[in-house]
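Below you'll find the structure, written out as structure tokens, and then a few comments.
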Amino acid sequence: MNRYRHRRFLRSLSSISTSTSSPSSSSSSSSSSRLYRPQQEQTQLKRSANDQKKSGLYGLVGLQAPRDFERLAVDAIDRVNDIISDIKRTQNEKVVQGCRGNAKGDVTVIKDKIGTWREKNIVHQLDEISDTICAVVDVAELCRNTHPDREFVQAAERTYLKLQNFVQTLNGNVHLYQSLIDANLEEDESRTEELRRVAQTLRQDFERGGIHLSDEEKKRLEAHSDDALRHGFQFQQNLIDPLQIRQVELKKREEIEAIPTWIYSGGKKGNRALIPADHNTMNSILRSCDNREVRRQMYEAGNSSPEGNRLALSNLLKSRNDAAEILGFPSHADFMTASMLSKTPNGVKVFLNDLSSRVRDIAECEFKMLEKLQKQIANGGREEKIRGWDVLHLMRQVRSKDDYPDINTVAQYFSLDGVLKGMNEFFGKVLGVEIKVDSLIPGESWCGEAIKKLRVIVPGTDIEGIIYLDLFPRQGKFPHAAHFVIRCGHRQKNGGSRQTASVALVCNFAAKSFSRETLLTHQELETFLHEFGHAMHSVLSDTEFQHLSGTRGAMDYVEVPSHVFEYFAWDENALHFLGRHYRTGEVIPTALLRKLKQSKRAFAAMDLQQQIVYALLDLELHSNRINVENPSEISKLASEIQSEHSFIPSEPGTSWELRFGHTVGYGSSYYSYLYAKCLSAEIWHKEFTNDQIEREGCSILRDEMLKYGGSRDPAHIVENVLGPNTLQESFDGGVYPNSSHLLKELHLA
Ligand SMILES: [Zn+2]
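All residue numbers in the sequence shown are consecutive under my numbering, ending with 1014.
If you want it as structure tokens, here you go:
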């Protein structure tokens, strides 16, 4: 149900980061090449005859061949080492001056002032370190997920690992940490809120990596962190390892004939078919196969494998909790939520339990509707209770009735070219931006003409951004939808030119073509707008530091603006620009839109229950509540949570948690998705309904949210937009949103 959309950059990497060089570091910066040219210069280059030489793949100057990655990484490391030398020199001078004493007359006073200034410059220097590394490692991350050429992918992987190791050494660099502490910037009220917040998050990031611990504790922390990474990786690998996925053997003819040919064609052997019970195949069969016995077998096989994940999950949870304990947190969930909007796991729990009780009655009605349908299907035969393998099949039957819109008819209103054209006009109104399709500089694209490039500007300002679109599937490409940061935008110090943001939106749309037009389904449009929302967060954030630019903020807040953007896919005003028929230019009819909205609300309560179950399990597993070393306790907890919060029956002997990969990726923060749904609903209904877009635009999105990136406390941003006391608080200071607006919108309250 949930789509994987937002890809967040490694915290450990973004924890160290840039700005233009200060007077004190200009000498060292001159010794190493800048990785990005200022925007103006790039524009001129675009027109020069030497385009290819001066541009680069993904817009990274100097990246033309796989071997260039190695050189770019070495350059970045050299540059960072120069900055570190500068920081150490400042520390040494301070020690020498301290030894001389202070009563040495005017010359020493001036020197002290310079020393203090240099000492206070530490946040800019750390930001520059981070930016220098991110400039290469972000491109390596995107390249290894998208480049069609294996040689590039391998070179990107090597560079990624090399820089990641280098970052580990930076995260453990006591000189850098001590310089930050000595500068004492967090409490310095003469500094901007942004600078103090950057100083605070940098310190916290160092400490969350254990820099303040004893050598013995550091060693243990490192071992647990490595174990957690290893077991998490193992869990994900098992999910795609054919040897770990159970297979269902079908021998009866009527069973084989009951499943679509494309599923069994590869596994047919004589009179039998072997069907792998991987996630996608299982769900396709559970939805579309009329043969109940086949569905049962698939459900049981899919929900009891990969068997290897019992141990991998148990080990992962144990390592995470052990690491959190060394850092002084009661559990991994406490460790994670401490730096988020939610603050404590308890606030999240209160929120999820409350939401669960509020949707329960309607979910029960929805479930009864399925029971009624089940009876009709039995048609006088033996009446059976709904089992786990019936639910998706019954829901699909309801959704395929006449009063639900036809997916292909709807897609005709969303040609990709039409949507892109409409976005310029529409987001001009909403965000005051201009969006133009730009031509690619030779050498910039990683997949020829499959890549499109948009340039976004805010007229009257120097804010500008580049968005690459890589929207259709191909072999070896990252299989979900995500927003990748290529380069963070930020203002540069001392009036230097702005560093232009650059991002890539990577999706896998099914590419339905009619008369050479590429048409998106409505769900694809919604996904595209969600990712575009992340892109706008990156482009329009106006921070001094890159460390907290754009989407580099708390995970349970970063998803909020992108969820607001999803609403445009359902809004009549927005669809006036974004939803026009590819042939006739006619706007999507109101009746069709109404049907779409109706279909969104079908089973909304049961869908929410499922999300609550996922979020609660993810949270509880990381809360040190059960003995995670015993895999059967984990299964017991999963089944208890499901029985308590969902009407979908928990089937004895099955363990769906073995295939729930989000436990690895989110690590107790899966609830972020529901937080974002609630907050975006409230923002939407307060700021965007009643034709406000038409009348006055909605500058609040740009000026009160996107502009700050992650540089403000998310609770302040939310309360600034929605008013004081919008957020609720649990007894221990946990923070959670109000779910009323979401429930009202879905007709659940
Ligand atoms: Zn997202």
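Beta carbons are placed, not taken as given, at the ideal position from N, Cα and C, and that holds for glycine.
Note that this is a predicted model, so its numbers are computed, not measured.
- In this structure, SER827 has its CB closer than 6 angstroms to one or more heavy atoms of ligand 1.
- Distance from the CA of HIS496 to the CA of SER490, rounded to the nearest whole angstrom, comes to 10 angstroms.
- Closest option to ILE505, judged by alpha-carbon separation, among GLY567, VAL513, LYS686, MET563: GLY567.
- Residue pairing from DSSP places TYR1001 in a beta bridge opposite GLN993.
- At least one heavy atom of ligand 1 lies less than 6 angstroms from the C-beta of GLU824.
- As summarised for the region 881-932, the continuous alpha helix (DSSP H) elements at least 4 residues long and confined to that stretch are 896-910, 927-931, given in chain order.
- Per DSSP, ARG845 lies in no beta strand (DSSP E) and is assigned neither H nor E.
- Contiguous beta strand (DSSP E) elements confined to the region 813-869 do not occur, taking only those with 3 or more residues.
- The DSSP-derived three-state label of GLN641 is helix.
- Assigned with DSSP and collapsed to three states, ASP703 falls in strand.
- Leaving aside the five residues that flank ASN892 on each side, the residues in its chain whose CB is nearer than 6 angstroms to its CB run, in chain order, GLU898.
- The region 591-604 and the region 861-876 do not touch, with fewer than three beta-carbon pairs separated by less than 8 angstroms.
- Put simply, the backbone Cα of ARG817 is about 33 angstroms away from that of LEU576.
- Taking 7 angstroms as the cut-off, the beta carbon of THR397 is found no closer than this to the beta carbon of ARG461.
- Going by C-alpha positions, PHE810 is about 18 angstroms away from ILE352.
- Counting only unbroken stretches of 4 or more residues, the alpha helix (DSSP H) elements lying wholly within the region 409-456 are 415-436, 439-448, in sequence order.
- Contact check for ILE877 against HIS910 passes: the beta carbons are separated by less than 7 angstroms.
- GLN512 sits in a strand when the DSSP states are folded into three classes.
- In chain order, SER579, LYS583 place their CB closer than 8 angstroms to the CB of GLU894, counting only its own chain and leaving out the 5 sequence neighbours on each side.
- Comparing C-alpha distances from PHE471 to each of SER444, ALA493, GLU481 shows the shortest one belongs to SER444.
- In the three-state DSSP reduction, ALA628 falls in the helix class (H, G or I).
- Exclusion of the five residues before and after VAL804 leaves VAL721, GLY730, ALA766 as the residues of its chain whose Cβ lies within less than 6 angstroms of its Cβ.
- A Cβ-Cβ separation of about 10 angstroms leaves GLY850 out of contact with TYR678 under the 8 angstroms criterion.
- A check of alpha carbon separations from VAL613 across GLU1010, SER933, ILE965 identifies SER933 as the nearest.
- With contacts defined by Cβ atoms closer than 7 angstroms, ASP403 and ILE716 do not form a contacting pair.
- In the structure shown, PHE600 adopts helical secondary structure according to DSSP, grouped into three states.
- Pairing ASP543 with ILE510 gives a Cβ-Cβ distance under 7 angstroms.
- Apart from the 5 residues on each side of it in sequence, ILE948 sits with its Cβ closer than 7 angstroms to the Cβ of VAL829, VAL986, LEU987 in its chain, given in chain order.
- A straight line joining the alpha-carbon of HIS658 with that of ASP599 spans about 39 angstroms.
- In this structure ARG661 touches SER553 by the C-beta definition: roughly 7 angstroms separates them, less than 8 angstroms.
- For LEU592, no alpha helix (DSSP H) encloses it, and the DSSP letter there is neither H nor E.
- DSSP places VAL721 inside the beta strand (DSSP E), whose first and last residues are 717-722.
- Within the region 773-800, the runs of beta strand (DSSP E) that reach at least 3 residues and sit entirely inside it are, in chain order, 777-779, 782-784.
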